[in-house]
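**Student:** Sharing a structure, written as structure tokens. Questions coming.
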Amino acid sequence: MHRYKPVRLILENGTVFHGQSFGAQKASSGEVVFSTAMVGYPESLTDPSYEGQILTLTYPIIGNYGVPAQSETDGVSDFFESTRIHASGLIVQDYCDDYSHWNAHQSLGDWLQQNGIPGISGIDTRLLTKILREKGSMLGKIVFEKENEIDFYDPESENLVARVSCKEPVEYGHGEKKVVLIDCGAKLNIVRELIKRNVHLIKVPWDYDFTGMDYDGLFISNGPGNPDYCAITVEHIRKAMQQDKPVFGICMGNQLLAKAAGANTYKLKYGHRSHNQPVRRVDSNACFITSQNHGYAVDESLLGDEWEPWFINMNDGTNEGIRHKTKPFFSVQFHPEATGGPTDTQFFFEEFVKQMVVR
Amino acid sequence: MTDQILAPKRENFHSEREIHKVLVLGSGALKIGEAGEFDYSGSQALKALREEGAESILINPNIATVQTSEGVADKIYFLPITPYFVEKVIARERPDGIMLAFGGQTALNCGVALYQSGVFEKYDMQVLGTPVQAIMDTEDRDLFVKKLDEISVKTIQSVAVSTLDDALHAADRLGYPIIVRAAYALGGLGSGFCNNEEELRSLAAKAFNYSGQLLIEKSLKGWKEIEYEVVRDRYDNCITVCNMENFDPLGIHTGESIVVAPSQTLTNSEYHKLRELAIQIVRHIGIVGECNVQYAFDPESEDYRVIEVNARLSRSSALASKATGYPLAFVAAKLGMGYGLFDLKNSVTKSTSAFFEPALDYIVVKIPRWDLGKFSGVSKEIGSSMKSVGEIMAIGRTFEEAMQKGLRMIGLGMHGFVENKELIIDDIDKALREPTDQRIFVISKAFRKGYTVDQIHELTKIDRWFLHKLHHIVLTAETLEEYPLSLVDFEKNEHNDFDKILKRAKQQGFSDFQIARALWKEQVDDESFSVIRNYRKKKGILPVVKQIDTLAAEYPAQTNYLYLTYNGSENDVHYLGDYRSVIVLGSGAYRIGSSVEFDWCSVNALDTVRKEGFRSVMVNYNPETVSTDYDMCDRLYFDELTYERVMDIIELENPHGVIVSMGGQIPNNLAVRLDDAGVNILGTSAKSIDNAEDRHKFSSMLDMLEIDQPRWRELTTLNEIHHFADEVGFPLLVRPSYVLSGAAMNVCSNKSEMERFLTLATEVSSKYPVVVSEFIEESKEIEMDAVAQNGELVVYAISEHVEFAGVHSGDATILFPAQKIYVQTARRIKQITRQIAKALNITGPFNIQFLAKDNDIKVIECNLRASRSFPFVSKILKINFIELATKVMLDIPVVKPEKSAFDLDYVGIKAPQFSFTRLQKADPVLGVDMASTGEVGAIGNHFDDALLTSMLAVGYRVPEKNIMISSGGTKSKVALLDACRLLQKNGYALYATGGTQKFLEENGVNSIFVAWPDDENATLKVNDMIAEKKFDLIINIPKNLTERELTNGYRIRRSAIDYNIPLITNARLASAFINAFCRITSEDIEIKHWKEYTD
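Chains as they are written, first to last, in this note's numbering: chain A, 28 to 386; chain B, 105 to 1199.
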């Protein structure tokens, strides 16, 4: 591994980590975050929720099964969660260049290089994770030569949702039921899960006024950053709720629906960044393992009277979902669409589709 | 809305009745396929019951286990785990519930039998955890396939047959190669691959002896093997705690396979597809608690087959617990008591929920340990049947690091993947294609011979991912080997390039010794090893300590479960440097001669250390043990017991001292080097340990003390050996220091035998001297287990062997307190023990072995450490020898116990458990080298009931009618005569081979003549009759080493094993057993628990 160029990760608190480059030799900066998922690096890297973030993987050996080819079915990528890598960098302990998998097209390093994304190996990712979890949020930059190659960049300083959302409405699938998907940075598996269930899907930009459209159900996607930037989306959701058509939100979608229901969001002390988050449905014995990646949570104490908390996190008791007491409006903080992560809660898609009454 | 889906599914199998009293079944003696892992899971279950305030009753005759210690279960029955005895205990105790999942296949099979005979119903008790019907659905192949068909989950196409004809027919239909499995058999017993009809015929004949049902399956050789450990509660909540990937492809039993966790070559889609299926299966079957799902997985697509589901705790679940820190058995027991997963906390973090799936930020590698060299004739090939006797788990942050650590841990003298003693292999292609216990080192060799990853993959079908990683290790070794040493001055500093290579080597798990050998080749010595270590320390190339916290540092966690790695830059642990740590070195991989007994010693030492106010620190790496449960100590280093790693830990901990006397020979061997490095060895000094270990020093000490010992000499030429033989006479015990093949020790009864042994099997030279000792026939062997403080005896136990000397003490049937020795003998043994304790100034545990003939007492061996029999004598005497030993080592005053062995009005017997059934072709004969894999201990009111209980507990059955005897030489013929008379009197039918039959007739005992196997024309041939299962017991005493005797005797013994007929090969034991079952019956064995005997 001596053939890899030395590279540094510099955190805003001055900590410096020395490693070897295995991706693009290009300086990069952003918020440094981590995930404890043990599989799914192609999925994570292409997840729009990682926009502006440098991703640290705590599982130490990464790259084992390479990266699949870019192929599509019905206009949807088969293996990735969007059309490009969204993370601004990847940090691992032990990069594996000699991948082995029947479905691999190239190595992770080559893929990162092609996409202009730096990758660092040889970092004590456990130590880095401990620093990150205590700070909650930490900016960092990846530099090759001089420290001032690039400035720190705070993704919170801009509206990331606007950056990753589609610019024009896009249609997918066929079917009698018509669903509007607000694209705050939607993972493609949301699209796959819906069109698999014979839904005619119209993905619209985050600030698009869809309220006048003819549709049977509204789906609010996941997305990066601070939900406060999406005031206009909350307005649209509020308006949509005047009709009784089903509304379902995921992650950012949960936060936006909560805001529309009168609640607010706050930044968590320890963000949820893993594939093993346990959630429990309120007042029941039903528990699920979920995939999560968020630093903000819903403050359920401010929810309107008509609403109730639906799921809670079994580790820290934070909100994991809300629902309207009488109407089919509901959302979850975790990722039922998985990819990567456990598929325990994919039934929500089934339920959402069932809820739509075809007129 | 989603209420229907999300509403808890209430199950009605578990009533709301309160459970106050629970019976737990253990797994009995350690055997291949069922080892220490069940002590760990049973102990966890009992801990859970204790926490619940439920009264616990344990049946387990394995007296060396932690679970059969005081304070673990409320009542312990040292009785066989058979339906007969378990029902007796149930009738007496009337428990509310029974747990079947914690005692391996033994407990499960026993539970199913009791269920089928209506015992649970009769006594109105519940099976806690997975219902028996669900167990049967997983155990019976037909039911299993049907069950999974219901939810369209693919299983391996398999046909269940109960006759040979059906088997052949099924194989024709499926097409060869096929795999044969025996239903209801543990660890793949009687299983194997068949490439053609002939192979199937021979395998099926054997396999039908273990099971009435065989499964014929299409072979999926070359597919990946993946396992998931799944937990489900009664509310239908499911988690998968860990998944594992086998390094070896399908075709090699998972117990024989190197295994990694988590899986390495699965994508997100594959990982979660199999996870989802596992949960679907477990829900459908209705498991409550823990279970294991094994898959075959196509390396070229996402196609899969479910191989099997184990509806109980297993070897894999113990491994998964240790790999993740998730206490599967503890949680399973709680779920059996009716809890939901959401009720329980993660026992590592103590704050987060037990309903979660651990995230690992390290890799673990499990490697099996084989001891095939201990058996003569055994086949070295590994395959679908398990042969390994132990395993290790290595933790690292690269695969290379974990793998090399692991290869050192298995304790076969290897230094890692490279830089080992040159392996001699004639045909590498063949050795790669047909794996043996040496497979991993064959791969190393192949790389060195220039084989590519692809070539090795083609021959082994091992995934290229693993092979690439192993290749990295070889490349680094080559870089080191070629490094111009002239460029490095180890006294000076600036060697950036070399330092980088050094660091990379350490990150790939190279030991300092491996690096030294790569650099200095044959010139390597202890000195060069220190050069590397010192240089490296100077350069700051040091390992760091990382915690296993179950959640990859996502949240803060206070955890004491630790490992060391070179892939990191900071310690997770903050060391206080307060000199309050006491480090206990564990016993490493279980092997023949060292297993659960040393785990018991380690755990008890840790307990005492903690109670006395020190910080208890454990170093061990065996996932099957209780000592590697992070609850047992204040700090657990799951790491190597090499000098290098132990010193790393000592330098971090700055301990008060180190205990080397609890883990058997591995830590004992470190004593001198640690002492040289200035480490405080607690208790007996390293110098004394050396004086006892070194044959010459020990011998001259005995001479000085005027203590007798068998005459011996270390000799370097055949000529000298003959001279010595002339002097002391035959038989002689011959111990070569270099063994080419076969057993390391041998008793030779005449000149030609000795010559054959010395020339064929060993090398004799000044480099490889041979130790020859006088062998005293018909001599009693007596064991002294004791604890001394500053040379004064604190407590002792004298036990005697049932067999005469010549049977290894680990294979002997041992009686405590000794019943049949002269008072004078006992007194002399005590005197000698006192003298030795004084001379070596012993502080701590020790064991001395004596020979006694008439009143002539000789010392044969002395170990200044805890011995195999410490748990046995401690439990029989009800005095914890280890607690006392630990206290004296910590310099804490102790009171000499007043109780004496002479006061006991009961006896204990320790009997060995053999695993010959699994070791194909091995000769099941006992000798000076140990062959047993486990043991049991039974208590009785007298010798007969204790012996009968212990023999039943290791799988013997009281014969119904026909007994085959071939009683060896004259002495053993005479020794067995009274027993034969007794058999005749009790109506048994005796069958005997030529000489025996004649001898019996001459002495008025009737027997039917049966011919030796090589007697072609005879009508009543012993082997045919064995195959027809005509005999209920076979007694075969080996006579001499003539070719004909050897072959015939071997064929009789081996077929007894293959046809599952009880076999005894020792005359003394045979006659004791016969006396016991003729004088009393099973019904006479009292159903009494431990305390009822001892209190």
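Glycine residues also receive a C-beta, built at the ideal position from the N, C-alpha and C atoms.
#1: Under three-state DSSP, which class holds HIS827/B?
#2: Just tell me which of VAL263/B, TYR1163/B, GLU626/B has its CA closest to the CA of THR1021/B.
#3: Name, please, each residue of chain A whose Cβ falls closer than 7 Å to the Cβ of ASP567/B.
#4: Locate the alpha helix (DSSP H) running through TYR1092/B, then write down its first and last residues.
#5: HIS376/B CB to nearest chain A CB: under 8 Å?
#6: Could you check which residue in SER706/B, ASP735/B, GLY429/B has the C-alpha nearest to that of GLN769/B?
#7: On a CA-only basis, which of TYR181/B, SER266/B, GLY201/B is nearest LYS192/B? Give me that one, please.
#8: With a 10 Å radius around its C-beta and 16 neighbouring C-beta atoms as the bar for buried, classify ASN164/B as buried or exposed.
#9: Listed from N- to C-terminal order along the chain, which residues in the segment 457 to 472 of chain B have their beta-carbon within a distance smaller than 8 Å of any beta-carbon of chain A?
#10: Grab the span of the alpha helix (DSSP H) containing TRP1194/B for me, first residue to last.
#11: Of the choices GLN270/A, SER104/A, SER148/A, LEU329/A, whose alpha-carbon is the least far from that of PHE354/A?
#12: Quick one: what does DSSP say ASP1188/B is sitting in, helix, strand or coil?
#13: Can you pull out the residues from the segment 257 to 268 of chain A whose beta carbon lies closer than 9 Å to at least one beta carbon of chain B?
#14: What in chain B is Cβ-close to VAL66/A, meaning under 7 Å?
#15: Report yes or no: is there a C-beta of chain B within less than 8 Å of the C-beta of TYR180/A?
#16: If we cut at 8 Å on Cβ distances, does TYR339/B have a partner in chain A?
#17: Just the chain B side, please: which residues come within less than 7 Å of ARG300/A by C-beta, in chain order?
#18: I need the straight-line Cα distance from GLY50/A to ILE37/A, nearest angstrom please.
#19: From the beta carbon of SER420/B, is the nearest beta carbon of chain A less than 8 Å away?
#20: Comparing alpha-carbon positions, which option in ALA1042/B, TYR683/B, GLU394/B, GLU461/B lies nearest PRO366/B?
#21: For LEU268/B, which residues in the same chain have their Cβ closer than 6 Å to its Cβ, ignoring the five residues on either side in sequence?
#22: If you measure between the beta carbons of ILE496/B and ASN773/B, is that distance less than 8 Å?
#23: Just the chain B side, please: which residues come within less than 9 Å of ARG219/A by C-beta, in chain order?
#24: Exposed or buried, what is VAL78/B when buried is set at 16 or more other beta-carbons lying within 10 Å of its beta-carbon?
#25: Please list the segments of the beta strand (DSSP E) lying wholly inside the segment 728 to 758 of chain B, counting only runs of 3 or more residues, in order along the chain.
#26: Could you please tell me which residues of the segment 77 to 95 of chain A, in chain order, have their CB closer than 7 Å to any CB of chain B?
#27: Exposed or buried, LEU139/A, counting other C-beta atoms within 10 Å across all chains shown (16 or more means buried)?
#28: Would you report the Cα separation of ILE169/A and ASP151/A, rounded to the nearest angstrom?
#29: Do the segment 220 to 236 of chain B and the segment 158 to 178 of chain B meet, that is, are 3 or more Cβ pairs less than 8 Å apart?
#30: Going straight from the alpha carbon of ARG153/A to that of ASP530/B, what length do you get?
#31: Does any residue of chain B bring its CB to less than 8 Å from the CB of GLU347/A?
#32: Would you mind giving the Cβ-Cβ distance between ASP653/B and THR669/B, rounded to the nearest angstrom? I have them listed as a contact below 8 Å.
#33: Three or more beta-carbon pairs under 8 Å between the segment 982 to 989 of chain B and the segment 691 to 709 of chain B, yes or no?
#34: Taking a cut of 8 Å between CB atoms, which residues from the segment 984 to 1016 of chain B lie near chain A?
#35: Anything in the segment 442 to 457 of chain B with a Cβ closer than 7 Å to a Cβ of chain A? List those residues in chain order, please.
#36: Comparing alpha-carbon positions, which option in PHE142/B, GLU141/B, GLU155/B lies nearest VAL126/B?
**Tutor:** Inspection of the coordinates gives the following:
#1: helix
#2: TYR1163/B
#3: SER127
#4: That residue, TYR1092/B, is in no alpha helix (DSSP H); it is neither H nor E in DSSP.
#5: yes
#6: SER706/B
#7: TYR181/B
#8: buried
#9: SER457, PHE459, PHE460, GLU461, PRO462, ALA463, LEU464, ASP465, TYR466, ILE467
#10: 1194 to 1198
#11: Looking at the sequence shown, residue 354/A is not Phe but Lys. When only C-alpha atoms are compared, the closest one is GLN270/A.
#12: helix
#13: none
#14: LEU370, THR371, ASN372, TYR375
#15: no
#16: yes
#17: GLU658
#18: 17 Å
#19: no
#20: GLU461/B
#21: ALA308
#22: no
#23: Within chain B, no residue comes near ARG219/A; the closest Cβ sits about 12 Å away, beyond 9 Å.
#24: Nothing in the structure corresponds to residue 78/B, since chain B is present only between 105 and 1199.
#25: 739 to 742
#26: THR85, TYR86, PRO87, ILE88, ASN91, TYR92
#27: buried
#28: 15 Å
#29: no
#30: 46 Å
#31: no
#32: Between THR669/B and ASP653/B the Cβ distance is about 14 Å, and since that is not below 8 Å, they are no contact.
#33: yes
#34: none
#35: GLY444, LEU445, PHE446, THR456, SER457
#36: GLU155/B
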